[in-house]
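Below is one structure, written out as structure tokens, with a few remarks after it.
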Amino acid sequence: MTTATDIIGNVFFLAGILFVFVGMVGLLRLPDVYNRLHATTKIATLGTFGVMLSIAIKAGFSTMGLKAITVGIFLLLTAPVVAHMVARAAHRSGTKMWTGSVIDEYAEDNKREKESQI
Numbered sequence: 013m014t015t016a017t018d019i020i021g022n023v024f025f026l027a028g029i030l031f032v033f034v035g036m037v038g039l040l041r042l043p044d045v046y047n048r049l050h051a052t053t054k055i056a057t058l059g060t061f062g063v064m065l066s067i068a069i070k071a072g073f074s075t076m077g078l079k080a081i082t083v084g085i086f087l088l089l090t091a092p093v094v095a096h097m098v099a100r101a102a103h104r105s106g107t108k109m110w111t112g113s114v115i116d117e118y119a120e121d122n123k124r125e126k127e128s129q130i
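Position 100 of the sequence shown, counted from 1, bears residue number 112 in the working numbering, the numbering being contiguous throughout.
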């Protein structure tokens, strides 16, 4: 017999797997490193967090459940920061943006930074 905890855990697991799938499609289909980085960050944050939350719900307050919550929180806090730093490093190293990109905020920040140093 299926309990409510199992159903909720399965829903979070499927949501996490859906984010992983959509992120992988984005990784294959998006045109440049900045857009691909956005897609892979969704995999790391939303996809993995959904799976970790599913494990925590199914395992309860056991050591496995607490570890899953700890890993999920760590990923939610670190993945966006890592993605930002990788994108900034790619921009500073001269990686070109896709021609259809509308705005380049890093270029504007670098321009302001150089003006303030003068």
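Even glycine gets a Cβ: it sits at the ideal position worked out from N, Cα and C.
Straight-line gap, residue i to residue j (C-alpha atoms, nearest Å)
| i | j | result |
| --- | --- | --- |
| Arg-104 | Asn-47 | 16 angstroms |
| Thr-14 | Ile-55 | 29 angstroms |
| Val-98 | Leu-78 | 30 angstroms |
| Asn-122 | Ile-115 | 14 angstroms |
| Leu-39 | Thr-53 | 10 angstroms |
| Ile-19 | Ala-27 | 12 angstroms |
| Ile-85 | Thr-17 | 21 angstroms |
| Met-36 | Ala-71 | 28 angstroms |
| Leu-88 | Ile-81 | 10 angstroms |
Three-state class that DSSP yields for residue i in the structure shown
| i | result |
| --- | --- |
| Met-64 | helix |
| Ser-128 | helix |
| Thr-15 | coil |
| Thr-75 | helix |
| Met-109 | coil |
| Val-114 | coil |
| Leu-88 | helix |
Limits of the unbroken alpha helix (DSSP H) element including residue i
| i | result |
| --- | --- |
| Ala-51 | 45-54 |
Contact set for residue i: own chain, Cβ-Cβ below 7 angstroms, skip 5 residues either direction
| i | result |
| --- | --- |
| Phe-24 | Gly-62, Leu-65, Ser-66 and Ile-69 |
Cut-off 8 angstroms between Cβ atoms - residues of its own chain near residue i, not counting five sequence neighbours on either side
| i | result |
| --- | --- |
| Ile-29 | Gly-59, Gly-62 and Val-63 |
Given 8 angstroms, three or more beta-carbon pairs between the segment 62-74 and the segment 91-99: A contact is defined here as three or more CB-CB pairs under 8 angstroms, and the segment 62-74 fails this definition with respect to the segment 91-99.
Meets three-Cβ-pair contact criterion under 8 angstroms: the segment 107-114 and the segment 30-47: yes
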